[in-house]
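A.B. asks: Please see the structure below; I have some questions.
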Amino acid sequence: MPRQDRDWFAHAMLALGVVLFALPVWLVLAGSTQDSDAIARGDLSLVPDLTNFSAYPKVLTQGTMGAPPVWHMLLVSLGMALCIAGGKIAISILSAYAVVFFRFPFRKIAFWSIFVTLMLPVEVRIMPTYSVMATFGLINSFTGLWVPLIASATATLLFRQVFVAIPDELVEAARMDGAGPLRFLKDIAIPVSGANIAALFVILFVYGWNQYLWPLLVATDPSLDTIVIGLVKMIGVETQTDWSAVMATAVMALLPPVAVVLLMQRWFVAGLTEGEK
Amino acid sequence: MERRTVFGGWLLPILLVLPQLTLTAFFFYWPAAQAVWSSMTTQDAFGAGEVFVGLDNFSDLLADPLYIASMVRTVVFCVTVSALAMGLALALAVFADREIRGKGAYRTLLIWPYAIAPALSSVLFLFILDPRVGMLGRPLNRMGFDWDYHLNGNQALLTVVMASAWKQVSYNFIFFLAGLQSIPRAVIEAARMDGAKGWRRFRTITFPLLAPTTFFLLVVNIVYAAFDTFGTINALTHGGPGKDTETLVLKVYRDGFINQDIGSSSAQSVILMLGVIAITAVQFRFMGKKVTE
Chain X
9 MPRQDRDWFA HAMLALGVVL FALPVWLVLA GSTQDSDAIA RGDLSLVPDL
59 TNFSAYPKVL TQGTMGAPPV WHMLLVSLGM ALCIAGGKIA ISILSAYAVV
109 FFRFPFRKIA FWSIFVTLML PVEVRIMPTY SVMATFGLIN SFTGLWVPLI
159 ASATATLLFR QVFVAIPDEL VEAARMDGAG PLRFLKDIAI PVSGANIAAL
209 FVILFVYGWN QYLWPLLVAT DPSLDTIVIG LVKMIGVETQ TDWSAVMATA
259 VMALLPPVAV VLLMQRWFVA GLTEGEK
Chain L
770 MERRTVFGGW LLPILLVLPQ LTLTAFFFYW PAAQAVWSSM TTQDAFGAGE
820 VFVGLDNFSD LLADPLYIAS MVRTVVFCVT VSALAMGLAL ALAVFADREI
870 RGKGAYRTLL IWPYAIAPAL SSVLFLFILD PRVGMLGRPL NRMGFDWDYH
920 LNGNQALLTV VMASAWKQVS YNFIFFLAGL QSIPRAVIEA ARMDGAKGWR
970 RFRTITFPLL APTTFFLLVV NIVYAAFDTF GTINALTHGG PGKDTETLVL
1020 KVYRDGFINQ DIGSSSAQSV ILMLGVIAIT AVQFRFMGKK VTE
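The listed protein sequences correspond, in order, to chains X and L.
Going by the numbering used here, 56 is the number at position 48 of the first sequence; the sequence numbering is gapless.
Going by the numbering used here, 978 is the number at position 209 of the second sequence; the sequence numbering is gapless.
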């Protein structure tokens, strides 16, 4: 094929891919402006009604179909995502710093026992984790939503790689200037890992925002419903589903993580591909 | 690799590593140990307590046709989802790697679905495939084709496979594109000069050079399909109709959390743990040297 034709073909394929991903989201966006009864009759249209955004203020302020008001669920999701991202980054930096820059008893054991948790995702220890949570009285508490999720082998490994790469000369120079370990952490180690922290933040924010199984297990109190949990609750209603309300909620559930990914795309892509490989 | 220059003292580093270790002990090791213990016990018939039964829960499970069926279903599901999500992503990455106009825009438009929650992708697919309100589902029925994933097991499986694969494409796309970009242009140029054309060049040069990326993604996709799709499946079909979309993780959840059969659910957890350990071991056997050196 001549070059021009090949380019045309590549454009066609990529455009098809873009549509494949944008269409479902567009459909929900368009549906959120349409009449629920019309949608229930099967008249869902791809053309939004630009004069009708009434579903948004309605779901934001009032609970519908067994779910609390959307503003509250957004707040819970935001709190959970920020605490998980911040918590994971903080404790992983500290533990990686200790393992790389010190020699202390049981250092190897400490490192390996963090590393092995890679093999124990929540999904394989559903029941026993629940009973541990109950022992600590963490069921139906905001703390229970995020604290147990912040231990992180991947983040620790990532920061370990970054810290190992800091040149010895830099450490020597800092020590010569009389900088202690905490000072070095604050002034050198954390600043040099800035790009990694940014990338990790995006990945972990999305991870935290998108949690489903964990909140389903540990929080049955509707005041702790995240937006993802609330949305799934809404589509579980068998009769009288208010479809435009469901769609408006879906739009608001996906906007924040999508915004974070798009705004921080550059760091995110670089960090993802170099960090996890 | 080890540092030559380190700081002295041992109290400070232990304090630094303590938060991570404490959380790990309480929320990883304790539950894992408890899973192993519970998997070897059963509830007393009168509800008086636990009775040690050795490996009975395991032999019961492996003799249970429903469990074997769920295992087979999970394997089929994982393979299909991984193949679909990786194939599509690779094709898109190959096109996006070309020097064409607007490639930056294409990349952004293919990367953003990374942010969509697995449970949310099921809601999006509901509006396409639901037999009553779906954009495609309803017309299908109008044309006389019996489409209802709430009633037909194969259609249900197809629906959850599509929703799960759809969500994972952008992740794979990011990695395939990075892999393609790391192939030196000189290698591709040399192949071009030798007269290797499009498909042949891809098959004999590009694809083999992508092998590490492909292998890494295969592991990630299998783990994703096995575990992270819980939300997608639970929201779309609850594992039904019947048990037609019940993967192993859904079964652990249903048997343990809904039916309160702790012994069996824990035994299933232990089997899943062994699965993850096997996958991780294979992964590090082939490409993990970087991490531990």
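No residue lacks a Cβ here, since even glycine has one placed at the ideal position from N, Cα and C.
In this text, all values refer to a predicted model and were calculated from it rather than measured experimentally.
Take the Cβ of W916 of chain L as the centre, count every other Cβ of all protein chains shown within 10 Å, and call the residue buried at 16 or more, exposed below.
C.D. replies: buried
A.B. asks: Whole angstroms are fine: how far does the CA of A794 of chain L sit from the CA of K116 of chain X?
C.D. replies: 16 Å
A.B. asks: What does the Cβ neighbour count give for Q924 of chain L, buried or exposed, with the cut at 16 atoms within 10 Å?
C.D. replies: Taking all protein chains shown into account, Q924 of chain L has 16 or more neighbouring C-beta atoms within 10 Å of its C-beta and is therefore buried.
A.B. asks: Considering only DSSP beta bridges, list what V820 of chain L is partnered with.
C.D. replies: L:T811
A.B. asks: So with Cβ pairs under 8 Å, would you call F914 of chain L a contact of chain X?
C.D. replies: no
A.B. asks: Around the C-beta of W16 of chain X, are 16 or more other C-beta atoms found within 10 angstroms, so that it is buried, or is it exposed?
C.D. replies: exposed
A.B. asks: When DSSP builds the beta bridges, which residues end up paired with T1049 of chain L?
C.D. replies: None; T1049 of chain L has no bridge partner.
A.B. asks: Since I believe M73 of chain X is in contact with V245 of chain X (beta carbons under 8 Å), could you give me their beta-carbon distance rounded to a whole number of angstroms?
C.D. replies: Correct: roughly 5 Å between the Cβ atoms.
A.B. asks: With a threshold of 6 Å on Cβ separation, who are the neighbours of I235 of chain X within its own chain once the five nearest residues in sequence on each side are excluded?
C.D. replies: M81, L82, S85 and A261
A.B. asks: Measuring CA to CA, which of L:L987, L:Y993 and L:L949 is closest to I974 of chain L?
C.D. replies: L:L949
A.B. asks: Is it true that the CB of L128 of chain X sits closer than 8 Å to the CB of F864 of chain L?
C.D. replies: no
A.B. asks: Which same chain residues, not among the five before or five after Y105 of chain X, have their C-beta less than 7 Å away from its C-beta?
C.D. replies: F171, L193 and A197
A.B. asks: With 8 Å as the threshold, decide whether the Cβ of L949 of chain L is near any Cβ in chain X.
C.D. replies: no
A.B. asks: According to DSSP, is T998 of chain L part of a helix, a strand, or is it coil?
C.D. replies: DSSP places T998 of chain L outside both helix and strand once states are collapsed to three, so it counts as coil.
A.B. asks: Here's the rule I'm using: 16 or more other beta-carbon atoms within 10 Å means buried, otherwise exposed. How should I837 of chain L be labelled?
C.D. replies: exposed
A.B. asks: Reducing DSSP to helix, strand and coil, say where T843 of chain L ends up.
C.D. replies: helix
A.B. asks: For the putative contact between W154 of chain X and G238 of chain X, defined by C-beta atoms under 8 Å, what is the C-beta separation to the nearest angstrom?
C.D. replies: Contact doesn't hold; Cβ gap of about 17 Å is too wide.
A.B. asks: Quick one: list the residues of chain L neighbouring D176 of chain X, beta-carbon separation under 8 Å, in chain order.
C.D. replies: R772, R773 and T774
A.B. asks: Any chance the region 195 to 209 of chain X sits against the region 268 to 282 of chain X, with 3 or more Cβ pairs inside 8 Å?
C.D. replies: yes
A.B. asks: Please report the Cβ distance between V67 of chain X and A256 of chain X, rounded to the nearest whole angstrom; I am assuming they are in contact, meaning their Cβ atoms lie under 8 Å.
C.D. replies: 5 Å
A.B. asks: Does the distance between the C-beta of F827 of chain L and the nearest non-hydrogen atom of the ligand SAM fall short of 7 Å?
C.D. replies: With respect to the ligand SAM, the structure shown offers nothing to examine, as it has no ligands at all.
A.B. asks: Quick one: give me the first and last residue of the alpha helix (DSSP H) that N204 of chain X is part of.
C.D. replies: G202 to W217
A.B. asks: Using the three-state DSSP reduction, which class does F110 of chain X fall into: helix, strand or coil?
C.D. replies: strand
A.B. asks: Measure the alpha-carbon distance for L853 of chain L versus A934 of chain L and round it to whole angstroms.
C.D. replies: Those two C-alpha atoms are separated by around 6 Å.
A.B. asks: Applying the 10 Å Cβ sphere with the 16-neighbour rule, what's the burial state of L102 of chain X?
C.D. replies: Using a 10 angstroms sphere on the CB of L102 of chain X, the tally of other CB atoms reaches 16 or more, which defines it as buried.
A.B. asks: Given this structure, state the Cα-to-Cα distance separating V992 of chain L from V1045 of chain L, to the nearest angstrom.
C.D. replies: 8 Å
A.B. asks: Which residues of chain L have a Cβ atom closer than 7 Å to the Cβ of G25 of chain X, listed in chain order?
C.D. replies: L861 and L879
A.B. asks: Could you give the distance in angstroms between the alpha-carbon of W968 of chain L and the alpha-carbon of A960 of chain L?
C.D. replies: Taking the Cα positions, W968 of chain L is about 12 Å away from A960 of chain L.
A.B. asks: Report the option in L:L835, L:M809, L:D833 and L:G818 whose CA atom is closest to the CA atom of D825 of chain L.
C.D. replies: L:M809
A.B. asks: For A75 of chain X, write down the residues that DSSP places opposite it in a beta bridge.
C.D. replies: BP columns for A75 of chain X point to X:T72.
A.B. asks: Output yes or no for whether 8 Å exceeds the beta carbon distance between S1035 of chain L and A801 of chain L.
C.D. replies: no
A.B. asks: Could you check what DSSP says for V1060 of chain L in three-state terms: helix, strand or coil?
C.D. replies: With a pLDDT of 44 at V1060 of chain L, under the threshold of 50, the predicted position of this residue should be treated as unreliable, though the coordinate-derived value follows. Reduced to three states, the DSSP call for V1060 of chain L is helix.
A.B. asks: Count the other CB atoms, across all protein chains shown, that sit within 10 Å of the CB of K936 of chain L; report buried if there are 16 or more and exposed otherwise.
C.D. replies: buried
A.B. asks: Kindly identify the DSSP beta-bridge partner or partners of A776 of chain L.
C.D. replies: Here the sequence assigns Phe to residue 776 of chain L, which means Ala is not the residue at that position. Beta-bridge pairing links F776 of chain L to X:F110.
A.B. asks: Hey, T928 of chain L and F894 of chain L: beta-carbon distance below 8 Å or not?
C.D. replies: yes
A.B. asks: For P887 of chain L, count neighbouring Cβ atoms within 10 angstroms of its own Cβ and tell me buried if that reaches 16, exposed if not.
C.D. replies: buried
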